[in-house]
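Residue numbering for the sequence shown follows our numbering, starting at 584 and increasing by one per position. Have a look at the structure below before the remarks.
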Amino acid sequence: MALASFAKHAHPEQTTLVFPATHPDGRTYLEEAHKRGERVLAASSVRDAEQAAELKELVILPYINDPTFPHQFSSLVEQHRITRVLAPVAAVYLWLERFISESGLAVHLLGDSPIKQEMARFNKLMATVARYQGFIDHCAEGTNDLSTLEMAAVFRLASSIYGESNEQKIAAIMAIFSSAPKGDVVEIGSLVGKSAAVLALLAARYRVGNVLAIDPWERESARQHDSPLNVQGAMVDEWEIEMVPQDFVINLLPVGLGRFNYLRQASAKGYEIFREQRMVESQEFGRVEYRGKLALIHIDGNHDYISVQQDCGLWLALLAPHGWLILDDYLWAHGDGPRRVGDALLKRYAADIERAFVCGNALFVKFGADGQRQ
Numbered sequence: 584m585a586l587a588s589f590a591k592h593a594h595p596e597q598t599t600l601v602f603p604a605t606h607p608d609g610r611t612y613l614e615e616a617h618k619r620g621e622r623v624l625a626a627s628s629v630r631d632a633e634q635a636a637e638l639k640e641l642v643i644l645p646y647i648n649d650p651t652f653p654h655q656f657s658s659l660v661e662q663h664r665i666t667r668v669l670a671p672v673a674a675v676y677l678w679l680e681r682f683i684s685e686s687g688l689a690v691h692l693l694g695d696s697p698i699k700q701e702m703a704r705f706n707k708l709m710a711t712v713a714r715y716q717g718f719i720d721h722c723a724e725g726t727n728d729l730s731t732l733e734m735a736a737v738f739r740l741a742s743s744i745y746g747e748s749n750e751q752k753i754a755a756i757m758a759i760f761s762s763a764p765k766g767d768v769v770e771i772g773s774l775v776g777k778s779a780a781v782l783a784l785l786a787a788r789y790r791v792g793n794v795l796a797i798d799p800w801e802r803e804s805a806r807q808h809d810s811p812l813n814v815q816g817a818m819v820d821e822w823e824i825e826m827v828p829q830d831f832v833i834n835l836l837p838v839g840l841g842r843f844n845y846l847r848q849a850s851a852k853g854y855e856i857f858r859e860q861r862m863v864e865s866q867e868f869g870r871v872e873y874r875g876k877l878a879l880i881h882i883d884g885n886h887d888y889i890s891v892q893q894d895c896g897l898w899l900a901l902l903a904p905h906g907w908l909i910l911d912d913y914l915w916a917h918g919d920g921p922r923r924v925g926d927a928l929l930k931r932y933a934a935d936i937e938r939a940f941v942c943g944n945a946l947f948v949k950f951g952a953d954g955q956r957q
């Protein structure tokens, strides 16, 4: 029986056993435990050669239904002064919970059972739906027909993808789709696809039209020159830039096939391609055709005033009657480009605006039937 590697500065009387350590949640715990200097012991009933090589040391315990398991487990606890156990597999957790209670071992099981954790995750998600359902109904002016499970699916999808679109903004996006006209859905600036995935799911649910995401995924285009120096490039430089579009594709494939595509282009170039071709083809999503009129445009590219002004000047001309604009970060701590452009739009097209509100720091505008926004 081999010893696990221990952190140098952890308390010698505290050891956490991770069993089975080959489970993905077990692997994650081990990685985080080593970062925070926690003394850990990894164990499994199956020898995983890859993980054993990663850990360098891995204890092998029998399966919990093996007659020798109680004795070997108790011996391991005593030998390594184990005080806590992470058991990410439900059957193991429930067996250990009963055995520890009956044997009086001074060992604490971390967290609830995996089954209870999943039920708690579901209940938390449904509580989020309950918290926003009234707002969604009100914002949709009585036209919202999403079921609670559909709303939960949108919130869960959004929460699984990195990005800064908060729950309030996601709720508002759900609300406005019920009154969106038929047409294309375009997003300018997608990063790794949080809001793009939400748009793709809702566009399909309401049969609004196909979705196109446009982002150059290029460092210089992402720099915010109007922002303070410590904001201009700090986050941009943190990314491995070629990883970002790949992460984006992974996040969009489950919800976008057949009705979604993307262009790795700056907004102005993407506009030219969209206007001239009304079709985008990519290796991952195939060929997708567009109508050339927008039901909804989400502008979330570079937030410098000149960039936001250019994006709105180009794309709003294609907005269909009764179409929606989402102008991200209208309220933004690091600059006022989106707000200045948004305020000018509200003033210029006041007579042709049916609705306008701010939610989740974004400006939502539903235009009227005029359709002349050059």
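Idealized CB from N, CA, C, for every residue including glycine. Remember, it's a predicted structure, so these values are computed and weren't measured experimentally.
- Judged by pairs of C-beta atoms under 8 Å, the region 719 to 733 does not touch the region 841 to 852, as fewer than three such pairs exist.
- Remark: C-beta atoms of Phe-950 and Ala-755 do not approach each other more closely than 8 Å.
- In this structure, the straight-line span from the alpha carbon of Ile-833 to that of Ala-780 is close to 11 Å.
- The three-state reading of DSSP puts Asp-720 in helix, counting H, G and I together.
- Contact between Pro-764 and His-905 holds: CB atoms are separated by about 5 Å, below the 8 Å threshold.
- In the three-state DSSP reduction, Tyr-745 falls in the coil class, being neither helix nor strand.
- Proximity to Leu-624 across Thr-598, Arg-610 and Tyr-612 peaks at Thr-598, based on C-alpha coordinates.
- Closest by C-alpha distance to Met-826, out of Glu-801, Ala-934 and Asn-844, is Glu-801.
- By the Cβ-count criterion, Val-629 is exposed, with fewer than 16 other Cβ atoms from all chains shown falling within 10 Å of its own Cβ.
- Going by DSSP, Trp-678 is part of the alpha helix (DSSP H) stretching over 673 to 686.
- Per DSSP, the beta-bridge partners of Met-862 are Glu-872.
- For Ser-890, the CB contacts under 8 Å within the same chain, skipping 5 residues up- and downstream, are Ser-850, Gly-884 and Gly-920 in chain order.
- Here Arg-858 is not near Glu-872, since their CB atoms are 8 Å or more apart.
- Its Cα nearest to that of Glu-770, the residue Ile-880 stands out among Gly-943, Ile-880 and Ile-643.
- In summary, Tyr-745 is exposed, with fewer than 16 beta-carbon neighbours lying within 10 Å of its beta-carbon over all protein chains present.
- By the CB criterion at 8 Å, Gly-776 and Phe-831 fall inside the cutoff.
- In the three-state DSSP reduction, Leu-692 falls in the strand class (E or B).
- Taking 8 Å as the cut-off, the Cβ atoms of Trp-678 and Ile-647 count as close.
- Looking at the backbone, the Cα of Arg-806 and that of Asp-887 are separated by about 9 Å.
- Counting every other CB atom within 10 Å of its CB across the protein chains shown gives Phe-738 a total of 16 or more, marking it as buried.
- Here DSSP, grouped into helix, strand and coil, assigns Pro-645 to coil.
- Taking a cut-off of 8 Å on C-beta distances, the region 896 to 916 does not touch the region 862 to 871, as fewer than three cross pairs fall below it.
- With respect to the C-alpha of Tyr-854, the residue from Gly-772, Val-819 and Ala-787 having the closest C-alpha is Gly-772.
- Under the three-state reduction of DSSP output, Val-781 falls in the helix class.
- Per the coordinates, the alpha-carbon of Arg-790 lies some 41 Å from the alpha-carbon of Asp-695.
- Secondary structure note for Tyr-612: it is in no beta strand (DSSP E), and the uninterrupted alpha helix (DSSP H) holding it is 607 to 618.
- Per DSSP, the beta-bridge partners of Trp-907 are Leu-879 and Lys-949.
- When the Cα atoms are used, Pro-697 and Cys-942 turn out to be separated by approximately 35 Å.
- For Arg-938, the enclosing beta strand (DSSP E) has its first and last residue at 936 to 942.
- For Phe-831, the enclosing alpha helix (DSSP H) begins and ends at 826 to 839.
- DSSP lists Val-794 as the bridge partner or partners of Phe-843.
- In the DSSP assignment, Leu-774 falls outside any beta strand (DSSP E), carrying neither H nor E.
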